[in-house]
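**Student:** For the sequence shown, the numbering used here assigns the number -9 to the initial residue and increments by one for each residue that follows.
Following this message is one structure expressed as structure tokens.
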Amino acid sequence: MASELSALSTELAGLTARAGQSVVAVHARSRFSSSGVLWRPGVVVTAEHTVRREEDITVTLPDGKTAPATLAGRDAGTDIAVLKVESEGPSLVIAGEPAPGNLAMAIGRSHDSGVNAAMGIVSAVSGSWRTWRGGLLDRYIRLDLTLFPGSSGGLVIDFAGETIGIATSVLSRIAGLAIPATTIERVLDEILARGHVARGYLGIGLQPVELPDHRKGLIVLSVGEDGPAARAGVLIGDVLVSLDGTAVSDTEDIQRILEARAIGQSVTAAAIRGGESRQFSVTIGERPRRS
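See below:
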């Protein structure tokens, strides 16, 4: 038994050391650092909520040296920020989809103590999930392990040493989550291409409502001035019943349809106005970013 525990201990230490070669400490806020992952050559991915300034960012590299980093872009919706730094890490191997009960480790780094590790399990996994910040994660991966103050942005691995994603403590009040590697790849590509993640919008405020014939729809409560819907002729009081041929009864339905279509693409909105059916051709706009 003692030899088995010793072997497990040695294996865990080896996993931590190997994963730590891809993990940096990110100094982009006061008091204490967060962690980040050398995801690609010259590219660090970290948790967006830990990046409190956009200039004078540095990272502590796996060799202990400090290097300047520049912010390439950020996406609060998925809690992903991308930094550029002159450093390379070992190639990451992306894990298959984890299952509840799988063992997992979160690997972080601090300037003072170096690599740090926490061990636990994947406590829940489900399909695509919208965060309270409005972003879409390809998977909901909840972790049952301790996330220390500097762990957000750190690497989450399985017990083969393969990458599940990066850790975040801000997207759920229940427990820490792993932002899936597939989500990181998608967001990273868009940030490197345009500096931010573009999200489509129609420029209307909606609320679910039931029509006299018991159909469900979305009543228009507000119309943004010179927004896509306003330009198409949509008015307050219109009841949206479908978008591009898909019935809509909740604002989540609208988001799901918009995410599958490109900004600048036209969609057909079917609505009820004064008891009569109307159709509008709306060109999807890019949601204004918060300053």
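Ideal Cβ positions, reconstructed from N, Cα and C, are used throughout, including at glycine.
What does the alpha-carbon distance come out to for the pair S281 and V112?
**Tutor:** Taking the sequence shown and counting its residues from 1, one reaches residue 281 at position 291. Taking the sequence shown and counting its residues from 1, one reaches residue 112 at position 122. For S281, the predicted model reports a pLDDT of 49, less than 50, meaning its position is unreliable and no value from the coordinates is stated.
**Student:** Looking at the structure shown, is D179 part of a helix, part of a strand, or coil, going by DSSP?
**Tutor:** Start at 1 with the first residue of the sequence shown, and residue 179 comes out as number 189. In this structure, D179 counts as helix in the three-state DSSP scheme.
**Student:** What are the boundary residues of the beta strand (DSSP E) that P198 is part of?
**Tutor:** Here residue 198 refers to the residue found at position 208 of the sequence shown. Note, P198: beta strand (DSSP E), 194 to 200.
**Student:** Tell me which same chain residues have a C-beta within less than 7 Å of the C-beta of S232, skipping the five on either side of it?
**Tutor:** Residue mapping note: residue 232 aligns to position 242 of the sequence shown, counting from 1. Around S232: V238, A260.
**Student:** Taking only runs that begin and end inside the segment 39 to 83, name each unbroken beta strand (DSSP E) of 3 or more residues, in chain order.
**Tutor:** The qualifying runs are 47 to 50, 56 to 65, 70 to 74.
**Student:** Helix, strand or coil for P218, going by three-state DSSP, please let me know.
**Tutor:** If you number the sequence shown from 1, residue 218 lands on position 228. Residue state, collapsed to three classes: helix.
**Student:** Out of curiosity, what's the CA-to-CA distance linking V49 and A57?
**Tutor:** The residue you call residue 49 lines up with position 59 of the sequence shown. The residue you call residue 57 lines up with position 67 of the sequence shown. Going from the Cα of V49 to the Cα of A57 covers about 5 Å.
**Student:** Return the chain-ordered list of same chain residues with a C-beta closer than 6 Å to the C-beta of Y130, the five sequence neighbours on each side being excluded.
**Tutor:** Position 140 of the sequence shown, counting from 1, holds the residue named residue 130. Counting only Cβ-Cβ distances below 6 Å, and skipping sequence neighbours, we find S116, W119.
**Student:** Could you check which residue in E180, P80, V75, A7 has the C-alpha nearest to that of A96?
**Tutor:** Walking along the sequence shown from the start, residue 96 turns up at place 106. Closest option to A96, Cα to Cα, is A7.
**Student:** Based on the DSSP secondary-structure assignment, which residues constitute the bridge partners of G106?
**Tutor:** On the sequence shown, residue 106 is found 116 positions in, with the first residue counted as 1. The sequence shown places Asn at residue 106, not Gly. G98, per the DSSP bridge assignment.
**Student:** Report the residue from D243, G10, T36 whose alpha carbon sits nearest the alpha carbon of V75.
**Tutor:** Mapped onto the sequence shown, residue 75 falls at position 85. It is T36 whose Cα lies nearest to the Cα of V75.
**Student:** For the alpha helix (DSSP H) containing T0, list its first residue and its last residue.
**Tutor:** By 1-based counting over the sequence shown, the position of residue 0 is 10. Here the alpha helix (DSSP H) through T0 covers -8 to 10.
**Student:** For E276, which of helix, strand or coil comes out of DSSP?
**Tutor:** Here residue 276 refers to the residue found at position 286 when the sequence shown is read from its first residue. Three-state DSSP puts E276 in a strand.
**Student:** Under a three-way DSSP split, which group does Q269 fall into?
**Tutor:** Position 279 of the sequence shown, counting from 1, holds the residue named residue 269. DSSP places Q269 in strand when its eight states are reduced to three.
**Student:** So, S141 versus A157, is the Cβ gap smaller than 8 Å?
**Tutor:** Counted from its first residue, the sequence shown places residue 141 at position 151. Counted from its first residue, the sequence shown places residue 157 at position 167. Yes; because the gap between Cβ atoms is below 8 Å, this pair is in contact.
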